[in-house]
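First the structure, in the form of C-alpha cells, and then the observations on it.
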Amino acid sequence: DTVRRYLGKDTEYYETVLTMVKYLREENLEMIKRMADKLVEIAPDEPEGYFGLGYYHVQKVLFGRSDSTEESLSLVEEYAYKASQIDINYGNSLLLFAYIDLLNNRYDSAITHLRKWVDTEPNNSIAHYYLGYFLHLSGEYEGAIQHLLRAIRLDPYPPADYYVYLGAVYSG
Numbered sequence: 001d002t003v004r005r006y007l008g009k010d011t012e013y014y015e016t017v018l019t020m021v022k023y024l025r026e027e028n029l030e031m032i033k034r035m036a037d038k039l040v041e042i043a044p045d046e047p048e049g050y051f052g053l054g055y056y057h058v059q060k061v062l063f064g065r066s067d068s069t070e071e072s073l074s075l076v077e078e079y080a081y082k083a084s085q086i087d088i089n090y091g092n093s094l095l096l097f098a099y100i101d102l103l104n105n106r107y108d109s110a111i112t113h114l115r116k117w118v119d120t121e122p123n124n125s126i127a128h129y130y131l132g133y134f135l136h137l138s139g140e141y142e143g144a145i146q147h148l149l150r151a152i153r154l155d156p157y158p159p160a161d162y163y164v165y166l167g168a169v170y171s172g
C-alpha cells in the first residue's frame, strides 16, 4: 500500500519520506520532526508526516525529553488519529496507538493494536519487530521470539535492534 501511495507523488515527497525513515532508524529526533513537518506541509493529505510527528513525541517521552508527558501523549494521539483518518489501513498509526497504551501500562491493548497491524500486513518486518518487542515487555517471551525471528526473516538487512531484542528475550 505504501508503494502505491508513492506512485504519482513528486520526487520531493518520496525523498522526504525516505529521509525521515533514515532518521527514524537513527532515532534523530530533531531531524524526524523537521522531515515530518515538511511532509505535512507538502502532502497534508498523506499520513506519513503525522506519523512522524507522533513518533517524535513518543520518543521525547521515552527518552525523558518531554516537558509534559501528558501533553506529549495527547499530541501522539492527535497525530495517530489524523494518520488513521487519512488511511484506515495505515499500520504506523497502530504503532502510535500501541505506544500510547504502553506508556499508560495498558499492555494488552498495545499488543492488540500491533496484532492488528501484523494481521493487516503479515509481511511487514517492522510490524513483527514491534509486536515482538512489546510482547517481550509484557513477559510473553515465546510470542516475542516468534515475531522477532519473523521480522529478521522478512528483512534481508534487518536493523541491529532486531537482534538486540531477540538476545534480550533469550537472556530473560
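Residue numbers (the numbering used here): 1 to 172.
Using N, Cα and C, we set each Cβ at its ideal position, and we do this for glycine too.
Predicted, not measured: the structure shown is a model, and the values here were computed from it.
What is the C-beta distance between residue i and residue j, in whole angstroms, given that I count them as a contact (C-beta under 8 angstroms)?
i, j, result
"residue 115", "residue 103", "Not really, about 18 angstroms apart at Cβ, beyond 8 angstroms."
"residue 113", "residue 94", "5 angstroms"
"residue 54", "residue 79", "3 angstroms"
"residue 60", "residue 72", "6 angstroms"
"residue 42", "residue 12", "6 angstroms"
"residue 138", "residue 111", "6 angstroms"
"residue 50", "residue 40", "7 angstroms"
"residue 20", "residue 52", "5 angstroms"
Between the alpha carbons of residue i and residue j, how many angstroms are there, rounded?
i, j, result
"residue 151", "residue 162", "7 angstroms"
"residue 38", "residue 44", "9 angstroms"
"residue 146", "residue 30", "33 angstroms"
"residue 22", "residue 32", "9 angstroms"
"residue 46", "residue 148", "29 angstroms"
"residue 66", "residue 158", "29 angstroms"
"residue 122", "residue 128", "8 angstroms"
"residue 97", "residue 133", "15 angstroms"
"residue 106", "residue 34", "30 angstroms"
"residue 153", "residue 85", "31 angstroms"
If you run the structure through DSSP and keep just helix, strand and coil, what is residue i?
i, result
"residue 28", "coil"
"residue 88", "coil"
"residue 161", "helix"
"residue 139", "coil"
Around the C-beta of residue i, are 16 or more other C-beta atoms found within 10 angstroms, so that it is buried, or is it exposed?
i, result
"residue 170", "exposed"
"residue 167", "exposed"
List in chain order: all unbroken alpha helix (DSSP H) runs of 4+ residues lying wholly within the region 54-107.
-> 69-86, 91-103
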